[in-house]
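Numbering (my numbering), first residue to last: 3 to 129.
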């Protein structure tokens, strides 16, 4: 009984995260979106990892969505996050160089750093 309660809670938290991102109700996500997300997680490790990163899913959430390939997806998520951090550091270094030369740069802080690293990463992987 407690195992099904935990699974439902995990499923509901995933649905809430997705619903907030796509502006849909939890019920709508459970009915219409989550089955497709599960298919993606079972069949496409790379896309599943990208989805997991963009939704900031935890390891138990990834394991819920893909029982068979969860280890591969989690490993890929870790690789991609490392790449994103590296890109963010490069971007931050460039930003500091620009600021030293006197040019103005918009945005600051970790949020801007993470966004710029993620943007650089997405551009490189989509090419």
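C-beta: ideal position from N, C-alpha, C; glycine also.
Note that the structure is predicted; figures quoted are calculated from it, not measured.
Practice item. Grab the span of the alpha helix (DSSP H) containing residue 102 for me, first residue to last. Key: To locate residue 102, count along the chain shown from 1; it is residue 100. Start and end: 72 to 102.
Practice item. Use the C-beta contact count for residue 52: other C-beta atoms within 10 angstroms, 16 or more gives buried, fewer gives exposed. Key: Within the chain shown, numbered from 1, the residue matching residue 52 stands at position 50. Label assigned to residue 52: buried.
**Study point:** Pair within 9 Å by beta-carbon distance, residue 59 and residue 16
**Key:** For the purposes of this step, residue 59 is taken as the residue at position 57 of the chain shown. For the purposes of this step, residue 16 is taken as the residue at position 14 of the chain shown. Their beta carbons are under 9 Å apart, which means residue 59 touches residue 16 by this criterion.
Point to revise | Whole-angstrom C-beta distance between residue 63 and residue 12, which should lie under 8 Å | key: As a first step, residue 12 must be located in the chain shown, where it is residue number 10. As a first step, residue 63 must be located in the chain shown, where it is residue number 61. At roughly 6 Å, the Cβ-Cβ gap stays under 8 Å, so residue 12 and residue 63 are in contact.
Review point. If you run the structure through DSSP and keep just helix, strand and coil, what is residue 59?
Key: Locating residue 59 in the chain shown gives position 57, where the first residue counts as 1. Note: residue 59 maps to coil in three-state DSSP.
Review point. If we count the other Cβ atoms within 10 Å of its Cβ and call it buried at 16 or more, is residue 6 buried or exposed?
Key: Within the chain shown, the letter at position 4 stands for residue 6. With fewer than 16 Cβ atoms within 10 Å of its Cβ, residue 6 is classed as exposed.
**Study point:** Length of the line joining the Cα atoms of residue 45 and residue 72
**Key:** Locating residue 45 in the chain shown gives position 43, where the first residue counts as 1. Locating residue 72 in the chain shown gives position 70, where the first residue counts as 1. Taking the straight line joining both Cα atoms gives about 11 Å.
Review point. From what residue to what residue does the alpha helix (DSSP H) around residue 41 run?
Key: In the chain shown, counting from the first residue as 1, residue 41 sits at position 39. Residues 36 to 45.
Check your understanding: Just curious, the alpha helix (DSSP H) that residue 5 is in, first and last residue?
Key -> Taking the first residue of the chain shown as 1, we reach residue 5 at position 3. From DSSP, the alpha helix (DSSP H) with residue 5 extends over 4 to 24.
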